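Student:
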Amino acid sequence: MLIGLNIISCSRLTYSGFWLRYKSDQITEQKNDQGPWGGTLAINWKAKPDEQFKIAQLKKIAEKNDWKLIDSIPIKRTEIKNMTELNQPIIRVPLKNFEPNSKNADYKSQPLPRWINIDSKLYRFKTNRLIFDSRTDDSTNENGFILLSENGMEMSVYQVWGE
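The sequence shown begins at 6 in the working numbering and counts up by one.
(1) Roughly how many whole angstroms lie between the Cα atoms of Leu-127 and Asp-143?
(2) Taking the alpha-carbon positions, what's the Gln-62 to Glu-159 distance?
(3) Measure the CB-CB distance between Trp-72 and Lys-36 and report whether it falls below 9 Å.
(4) Whose C-beta lies closer than 6 Å to the C-beta of Asn-170 among residues of the same chain, with five residues either side of it excluded?
(5) For the beta strand (DSSP E) that contains Gln-35, what are its first and last residues?
(6) Measuring alpha carbon to alpha carbon, tell me which residue in Ile-66, Ile-75, Lys-65 and Asn-148 is nearest Arg-97.
(7) With Lys-69 as the anchor, note down where its alpha helix (DSSP H) starts and where it stops.
(8) Would you give the residue range spanned by the alpha helix (DSSP H) that Ile-123 belongs to?
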């Protein structure tokens, strides 16, 4: 019972905490760093053998919580496997330009943990939180992401907000 209360309490204090209530029995990893000036959230799920994660259902959940789908891009297995830092699998979500292979790609976020290693699609959402670039005072609310494996068996949610 205490664990259940802890999940409910934490999910309400975290800006994207509603994701912690989604199929919580299938969450395999969770990194949540929230502070007064900003925060990050990274959650990974693995579907049960007879289930799959579907973007239509994920989009409905997101929209109920003020996340609006903007666009998506495919990311190949080879590209994903090359995303590392200090020999650890990471992802840097594109906070402005959404063309990862472009010279103009803008990966300003700190490295976030990555658990998916196969062909996937990265969906970008507009959320009710802003992220600021303290050097320029630029901001964007396009800071929520779902990385969904092509086979629908794994998904990760990321959000970066604040400074």
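In this text, a Cβ means the ideal position worked out from N, Cα and C, and glycines have one as well. Keep in mind the model is a prediction, meaning the values are calculated, not measured.
Tutor: In this structure, then:
(1) The alpha-carbon of Leu-127 is positioned some 23 Å away from that of Asp-143.
(2) One Cα belongs to Gln-62, the other to Glu-159, and the distance between them is close to 14 Å.
(3) No; because the gap between Cβ atoms is not below 9 Å, this pair is not in contact.
(4) Residue numbering for the chain in the displayed model covers 6 to 168; residue 170 lies beyond these limits and cannot be assessed.
(5) DSSP places Gln-35 inside the beta strand (DSSP E), whose first and last residues are 32–40.
(6) When the alpha-carbon of Arg-97 is set against those of Ile-66, Ile-75, Lys-65 and Asn-148, the nearest one is in Asn-148.
(7) Note, Lys-69: alpha helix (DSSP H), 60–69.
(8) Where Ile-123 is concerned, there is no enclosing alpha helix (DSSP H), given that its DSSP letter is neither H nor E.
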